[in-house]
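J.: Residues in the sequence shown are numbered consecutively from 966, following our numbering.
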Amino acid sequence: MRLEQIVSLANLKLSWRRITTGANYQYRRYFRDLYYAYEIAIDKNLRDFQERLKGGASYHPKAPTRIYIPKPSGLQRPLTLLSIEDQILLQAITNIFALKLAHRRKRLQLKTVFSNILQDKASSIFFLKDWHETYGEFEIKIRSLYTDGLRWIAHFDLAAFYDTISHDLLLHTVSPKSSGSETKDIILNWLKVWSAEKSTLTYGHGIPQGPIASDFLAECFLLPIDEVLSKEFSYVRYVDDIRIFASSKMEVQKAAIRLEVLCRERGLIPQGKKFTIAEARSVDDALGMLPSIAPPDNEKSEQDVILPARRAVKRFQESLEGNAKRIADKSRARYVLYHAEPSAELLDYVLRLLPIHPEHIDAFVYYLGHYKKSNRIIRVCKDYLRETPYDYVQGEIWHTLARMMSRNEMRSLIKEAVNIAKNSKNNFSVKWGACHFLCKTEHAGLGNYSKFVNYQKSALLQALLVPILPGERYKKGNVVTQMLKRSSYEPGLMLSEQLVRRKLTHLDFDIKTKDLPNQVQNVFRAVGIIQRGRGVSIDPIGEILTTRYLIKKWTGWKVLLGSEYVHAFQLLSQADPVFDSGRSRWLSYQNSFNHSLLLALQQYLKVNNLNGVVKTVGRDGKLIKFGTLVDVNQPFSKNWTIIAKAFREANCRRNTLPGNHPYEAKGGARTQHLKKGEQGELAKKLAGAYAEIISNFDGLHSR
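What follows is the structure, given as structure tokens:
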């Protein structure tokens, strides 16, 4: 295993694609917008990253941020938030591990081992197969073993599995002959940093929980155990859910003892309370409980299953047990909460169960997102905010209250939120929620409370707060100035979108280009915040449109757009890189580009006394809405049908994206993210519109 192989540009690019297509949605929640920003200058960012990695001393992994999510046991599960580039590097290491162990894993995949199965094609940008498919195979295998008469089952679980994985043993599994090599020492040092939240406390064990790379590394660590047990017993495994099947109690006990010894030899700790040996009385006994359903990633979802209220309530009731009506079937309950339409009866259940089941806070909060405003929800959340001991739960409640509370209702919680924001000992989750709340209070006119964003040492936390910073913070010497001065790149990346919208640059804050992190410089150049130097294309808009929409190359865009060319380019350069990875985000920016283009077209039509001119500014001096300009009854639509229809349909769909309007105007249903098929149809129509512009205004290119 060579360092050059790990840090090759091809491997880093593959790593990036696998991170952005991963199904670890709970983890991606913290990074989605940062991924989009980093993607804008992905080629340059990865080349720069590779140079730092090859330089050795010029790259230093960052200590991660660790948050803790409640478990049913009352304890917590850690989630380790790595910086974007550390995520890329961890995935790059894992890509090589996957190649080296492919032949050994293949003998066990979907026969003994059913979790984190690699895609069939080694170079696929999708790293692991969908868990629904592989878990289904796991169930089929269990049914088969039960049918074969193996009714005695040992259930085996591991305590703090990810945290106890030895770095040395992990690398030895992958490369037994690498002992003492420079590459191994480098990887060990990286793993030590990622295993602990504080750089002063590093360990020789533990891998960061959350990245899809770690899920596969855990499989690598268990591989020697899988190989031994699969030869000796009827053994199946899904992550750390291990089951041994036998025809007698004695035989299954013998296998369990063998498994315990193998685990302890690798430093793993069997979880005594979860170890059971029992004879299955039915197939359902053998199958046990399904894994917990993760939050959906609507941005990637192709099908939105909506459960009607009556059916949703019935299915949710089926997940409950006992007089206290606690959740027994967590998979069923979470499925309902992620797919049910609003229902007064289901809301009753959610608000009553909220304090009882902190482990389901994500699903509860997702369901509460159906409601714009509810005094009852606010009352229950306020009470629970002060009762729950979990920082993660408090953080989610703060986000909900920030969205729902009125100006007057917010006053009672301001002092509490300030105390959280000021206390450096508070966990990331609760500080994010409290700072979100404080920013919202400033939007409501209650005071200069977003200043507490400056107190936050975490660059990631500041980056997450950028989209909700009040406009006043974009003045020289204020919060945004401090963010741009940071050596960490995350806040700067997130500010790129906001600076473009406000037609600002870093120079407006007296910050020199050379003082920005390289990653921020790359993105700022890509979107035109930093002006491009010599030797670049004279018409980058033309290049993007030609490549993306397969239309004629035209050099008239600069003449047509005139003084708005730079701003239009900034919008388009934020849309195009996320065409595949963020469809809804693409549409938002492409629509803004279309608006800018339409205004330029109107100016040209007016100056040249051509048909289709509409009034673009109202009596109040403000721009008339884009949707009004392309309305079917307007002169522009009647004279330029193809262009207007494409722009109108894109704008209408943009208005029903969750990021712009969380609820539909009619009926109040939650809006949906753009689907792949919808995007394809819109792209075809936009291609026709741009081609129509070129066809009718072709003479502009010669000016």
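Beta carbons: idealized from backbone N, C-alpha and C, even for Gly.
Can you grab the Cα-Cα spacing for the pair H1364 / R1438, in whole Å?
T.: Start at 1 with the first residue of the sequence shown, and residue 1364 comes out as number 399. Start at 1 with the first residue of the sequence shown, and residue 1438 comes out as number 473. When rounded, the distance between both Cα atoms is 21 Å.
J.: Count the other CB atoms within 10 Å of the CB of M1369; is the residue buried (16 or more) or exposed (fewer)?
T.: In the sequence shown, residue 1369 corresponds to position 404, counting from 1. That one is buried.
J.: To the nearest whole angstrom, what separates the beta carbons of I1292 and L1316, a pair I think is in contact under 8 Å?
T.: To locate residue 1292, count along the sequence shown from 1; it is residue 327. To locate residue 1316, count along the sequence shown from 1; it is residue 351. With 8 Å as the limit, I1292 and L1316 do not qualify as a contact, their Cβ atoms being about 14 Å apart.
J.: Going by DSSP in three states, E1286 sits in which element: helix, strand or coil?
T.: In the sequence shown, the residue the question calls residue 1286 occupies position 321. Here E1286 carries a strand assignment [DSSP, helix/strand/coil].
J.: In whole angstroms, what separates the C-alpha of T1478 from that of T1512?
T.: Residue mapping note: residue 1478 aligns to position 513 of the sequence shown, counting from 1. Residue mapping note: residue 1512 aligns to position 547 of the sequence shown, counting from 1. About 30 Å.
J.: Tell me, please, which residues DSSP counts as bridged to R1042.
T.: Here the question's residue 1042 lines up with position 77 in the sequence shown. R1042 is bridged to I1034.
J.: Can you tell me whether R1072 is helix, strand or coil according to DSSP?
T.: Along the sequence shown, one-based indexing puts residue 1072 at 107. Reduced to three states, the DSSP call for R1072 is coil.
J.: Within 8 Å, do at least three Cβ pairs link the region 1058-1078 to the region 1467-1487?
T.: no
J.: Use the C-beta contact count for C1617: other C-beta atoms within 10 angstroms, 16 or more gives buried, fewer gives exposed.
T.: Within the sequence shown, the letter at position 652 stands for residue 1617. C1617 is exposed by the Cβ-count criterion.
J.: With distances taken Cα to Cα, identify the nearest neighbour of I934 among P1235, E1286, K1440 and N1559.
T.: Residue 934 is absent from the structure shown; the chain starts at 966 and stops at 1668.
J.: Classify V1485: buried if its beta carbon has 16 or more other beta carbons within 10 angstroms, exposed otherwise.
T.: Here residue 1485 corresponds to residue number 520 of the sequence shown, with the count starting at 1. When all chains shown are included, V1485 counts as buried.
J.: What first and last residue would you give for the alpha helix (DSSP H) that runs through R1513?
T.: Here residue 1513 refers to the residue found at position 548 when the sequence shown is read from its first residue. P1505 to Y1514 is the extent of the alpha helix (DSSP H) around R1513.
J.: Taking the alpha carbon of A1251 as the point to measure from, which residue in D1206, H1137, R1116 and I1379 has its own alpha carbon closest?
T.: The sequence position of residue 1251 within the sequence shown is 286, counting from 1. In terms of CA proximity to A1251, R1116 leads the group D1206, H1137, R1116 and I1379.
J.: What residues in its chain sit with their C-beta under 6 Å from that of L1018, if we drop five residues either side in the sequence?
T.: Here residue 1018 refers to the residue found at position 53 when the sequence shown is read from its first residue. Result list for L1018: V972 and Y1024, in chain order.
J.: When you compare only the Cα positions, how much space is there between S1213 and Q1174?
T.: Translated into the one-based positions of the sequence shown, residue 1213 becomes position 248. Translated into the one-based positions of the sequence shown, residue 1174 becomes position 209. Computed Cα separation, rounded: 37 Å.
J.: I'd like the span of the beta strand (DSSP E) that includes F1121, first residue to last.
T.: The residue given as residue 1121 occupies position 156 in the sequence shown. Where F1121 is concerned, the enclosing beta strand (DSSP E) stretches over W1117 to F1121.
J.: Apart from the five residues just before and just after S980, which ones in its own chain have a Cβ nearer than 7 Å to its Cβ?
T.: Mapped onto the sequence shown, residue 980 falls at position 15. Cβ neighbours of S980 beyond the five flanking positions: I1053, Q1056, A1057 and N1060.
J.: Under the DSSP definition of a beta bridge, which residues are partnered with P1235?
T.: Your numbering for residue 1235 matches position 270 in the sequence shown. P1235 has L1123 as its beta-bridge partners, per DSSP.
J.: Would you tell me roughly how many angstroms separate the C-alpha atoms of N1443 and R1548, rounded to the nearest one?
T.: Against the sequence shown, residue 1443 aligns to sequence position 478. Against the sequence shown, residue 1548 aligns to sequence position 583. Each residue's alpha carbon lies about 33 Å from the other.
J.: Name the DSSP beta bridge partners of R1202, please?
T.: Locating residue 1202 in the sequence shown gives position 237, counting from the first residue. Checking the DSSP bridge columns, you'll see R1202 partnered with V1078 and I1207.
J.: Would the region 1647-1664 count as touching the region 1600-1612 if we require 3 or more Cβ pairs under 8 Å?
T.: yes
J.: Classify E1306 as helix, strand or coil using the three-state DSSP reduction.
T.: For the purposes of this step, residue 1306 is taken as the residue at position 341 of the sequence shown. E1306: coil per DSSP, three-state reduction.
J.: Can you tell me which of the three DSSP states A1243 falls into?
T.: Locating residue 1243 in the sequence shown gives position 278, where the first residue counts as 1. Strand.
J.: Give me the DSSP bridge partner(s) of H1170.
T.: Reading the sequence shown from its first residue, position 205 is the one you call residue 1170. DSSP lists S1131 as partners of H1170.
J.: Just reading off the alpha helix (DSSP H) that Q1539 is part of, what are its end residues?
T.: The residue you call residue 1539 lines up with position 574 of the sequence shown. Here the alpha helix (DSSP H) through Q1539 covers Y1530 to A1540.
J.: Does DSSP put I1292 in a helix, a strand or coil?
T.: One-based indexing of the sequence shown puts residue 1292 at position 327. Note: I1292 maps to strand in three-state DSSP.
J.: What is the DSSP secondary structure of V1582, counted as helix, strand or coil?
T.: For the purposes of this step, residue 1582 is identified with residue 617 of the sequence shown, where counting begins at 1. Strand, per DSSP.
J.: Under 8 Å, do F1121 and F1240 count as touching if we go by C-beta distance?
T.: Reading the sequence shown from its first residue, position 156 is the one you call residue 1121. Reading the sequence shown from its first residue, position 275 is the one you call residue 1240. Yes, they are a contact pair.
J.: Specify the secondary structure class of L1411 as computed by DSSP and reduced to three states.
T.: Mapped onto the sequence shown, residue 1411 falls at position 446. Residue state, collapsed to three classes: coil.
J.: Does the Cβ of N1081 have 16 or more other Cβ atoms within 10 Å, making it buried, or fewer, making it exposed?
T.: Counted from its first residue, the sequence shown places residue 1081 at position 116. Taking all protein chains shown into account, N1081 has 16 or more neighbouring C-beta atoms within 10 Å of its C-beta and is therefore buried.
J.: Unbroken alpha helix (DSSP H) runs of length 4 or more, entirely within the region 1362-1410: which are they?
T.: 1372-1375, 1379-1387 and 1393-1408
J.: For P1043, which residues from the same chain have a beta carbon less than 6 Å from its beta carbon, with the 5 sequence-adjacent residues on both sides left out?
T.: Here residue 1043 is taken as the residue at index 78 of the sequence shown, counted from 1. Taken in chain order, the residues that qualify are R1031, Y1033 and Q1174.
J.: Name the DSSP bridge partner or partners of L1083?
T.: Here residue 1083 corresponds to residue number 118 of the sequence shown, with the count starting at 1. Its beta-bridge partners are L1093.
J.: By Cβ distance below 6 Å, which residues in the same chain neighbour L1233 in space, the five residues on each side in sequence not counted?
T.: Residue mapping note: residue 1233 aligns to position 268 of the sequence shown, counting from 1. By the criterion of a C-beta distance shorter than 6 Å, L1233 is surrounded in its chain by L1123 and T1129, once the five residues flanking it on both sides are discounted.
J.: Spatial neighbours of A1006 within its chain, please: C-beta separation below 6 Å, excluding the five flanking residues on both sides.
T.: Sequence index remark: in the sequence shown, residue 1006 carries index 41 (1-based). Excluding residues within five positions, the ones whose Cβ falls inside 6 Å are N1487, V1488 and A1491.
J.: Drop a sphere of 10 angstroms on the beta-carbon of T1729, count the other beta-carbons inside from all chains shown, and report buried for 16 or more, exposed for fewer.
T.: Outside the shown range of the chain (966 to 1668) lies residue 1729, about which nothing can therefore be said.
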